[in-house]
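Engineer:
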Amino acid sequence: MSDTVAVRGFVATEPRHLVTEGGLPITSFRLVTTRRRYNRQAASWEDGGSNWYTVSAFRRLALSAADCIAKGDPVLVSGRLCLREWAGEKQGMTVEIEAESIGHDLTWGRSAFTRSPGAAHAGEPVDEAATPPEGIPATSP
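Quick note on numbering: full-length UniProt numbering labels position 72 of the sequence shown as 72, and the sequence is numbered without any gaps.
1) Helix, strand or coil for R16 per DSSP?
2) Would you identify the three-state DSSP class for S64, choosing helix, strand or coil?
3) Could you pull the start and end residues of the beta strand (DSSP E) that T27 belongs to?
4) Near I26, which residues of its chain fall below 8 Å by C-beta distance, leaving aside the five closest residues on each side in sequence?
5) Using a Cβ-Cβ cut-off of 6 Å (strictly less than) and excluding sequence neighbours within five positions of V5, which residues of its own chain qualify?
6) Can you give the beta carbon distance from K71 to A112, rounded, assuming they're within the 8 Å contact cut?
7) Is V32 closer than 8 Å to G9 when the C-beta atoms are compared?
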């Protein structure tokens, strides 16, 4: 199964960054989402169930995520949802998101954007689809 999703939650583990023997940068972390609701009788917020995801980022996104994301950060993640069944002594299912975009959730605070140099990461070619539209400066003033 592979569907595009957007998930809002908190980084639950320190991001793990590695580079494969082939030179592919990968950053992964666990993301938790918790439903909260207001209990009028108790006049307080209560946590509902939690969902856990493994988020994996590749290439330039992996490099930026490794530099910018930390355990406890509120984030928005958009990417492909992958459900993987596994079996051994026990059976289960892993829910993964292959990230296409990751950003801080500005509901919880402030963040400053710094553009990465075009092809400076791992010798990758510049992704033309990632360049800003005409009329928007490529660097911040």
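We put the CB at the ideal spot given by N, CA and C, even for glycine.
Model, not experiment: these values are computed from the prediction.
Structural biologist: Taking the coordinates as given:
1) strand
2) helix
3) 25–39
4) H17, L18, V19, T20, S56, A57, F58, A62
5) L81
6) Between A112 and K71 the Cβ distance is about 20 Å, and since that is not below 8 Å, they are no contact.
7) yes
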